[in-house]
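Heads up: the sequence shown begins at 1459 in my numbering, then just goes up one per residue.
Even for Gly, the Cβ is constructed at its ideal location relative to N, Cα and C.
Just so it is clear, the structure is predicted and the values come from calculations on it, not from any experiment.
Written out below as structure tokens is the structure these notes cover.
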Amino acid sequence: MKFSPTVAVFYLIFSPSRFVKMAVDYSAKREFEQNEQWRATYPEKVLPQEKIDHMTNRERNRTTELRKALFSSVLAIVISLFIDFGLGKYLHFVAGPAQQNINNALQIAGAVIILGATLNEIGWKIQSWSGESFPEIINRQICKISYIIGTFLFIIPVGW
């Protein structure tokens, strides 16, 4: 089950169909390694076309969701950087250059909030089958908000 994560990320971004193929191959190999029922049902390790089609559709849907999340995150980061840098420049214009201790305090506060969000992520302990239980949704929102605030505080001194 060896694969290159770098190649997989490249395919995810630039060739989603190749990424889907890679994901299907990986999933099938993993199932044959770990699933005794699969090995008994398909002793030649050849899957019927309907099974391959089902896996392909599932991986295509997952790939679409992964790409949407990746690209929306990149867009949010770029927008955030422009806002943070602009606000920092505005603060510089209004209040003058920030003192080093203010810059340090803002960056430390940002880093602490980001670290707290990372360590607070519960994940598996509250996971449901669908991944959409109320606690899971709130947990993800807490993490997102913490990352946004932490990054905001961390980046402001760059423009100030």
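Whole-angstrom distance between Thr1522 and Asn1515, CA atom to CA atom: 11 Å
Just reading off the alpha helix (DSSP H) that Arg1533 is part of, what are its end residues? Note that residue 1533 corresponds to Leu in the displayed sequence, not to Arg. Note, Leu1533: alpha helix (DSSP H), Gln1507 to Ala1553.
Does any heavy atom of the ligand ATP sit closer than 8 Å to the C-beta of Ala1567? The ligand ATP is not part of the structure shown, which contains no ligands of any sort.
State the CB to CB distance for the pair Ile1613 and Asp1511, rounded to an integer number of angstroms; the pair is presumed to be in contact (CB under 8 Å). Beta-carbon to beta-carbon, Ile1613 and Asp1511 are separated by about 46 Å, too far to satisfy the 8 Å threshold.
According to DSSP, simplified to helix, strand and coil, what is Lys1460? coil
Please state whether the Cβ-Cβ distance between Ala1568 and Phe1610 is less than 9 Å. As written in the sequence, residue 1568 is Gly, which differs from the Ala given in the question. Going by C-beta atoms, Gly1568 is nearer than 9 Å to Phe1610.
In angstroms, rounded to a whole number, what distance separates the CA positions of Arg1497 and Gly1544? Cα-Cα distance, rounded: 59 Å.
Determine whether the beta carbon atoms of Gly1417 and Pro1615 lie at a separation below 9 Å. An answer regarding residue 1417 cannot be provided, because it is not within the stretch 1459 to 1618 covered by the chain.
Buried or exposed for Tyr1469, please, with buried defined as at least 16 other CB atoms from any protein chain shown within 10 angstroms of its CB. Buried is the label assigned to Tyr1469, since at least 16 other Cβ atoms lie within 10 Å of its Cβ.
Option nearest Ile1571 by Cα separation, candidates Leu1533, Ser1485 and Lys1602: Lys1602
Between which residues of its own chain and Lys1503 is the CB-CB distance below 7 Å, once the five residues before and five after are set aside? Phe1490
Select from Asn1559, Arg1598, Tyr1605 and His1550 the residue whose C-alpha is nearest the C-alpha of Leu1573. Tyr1605
Please go through the same chain and pick out, in chain order, the residues whose beta-carbon is closer than 7 Å to the beta-carbon of Phe1461, but skip the five residues on each side of it. Met1480 and Tyr1484
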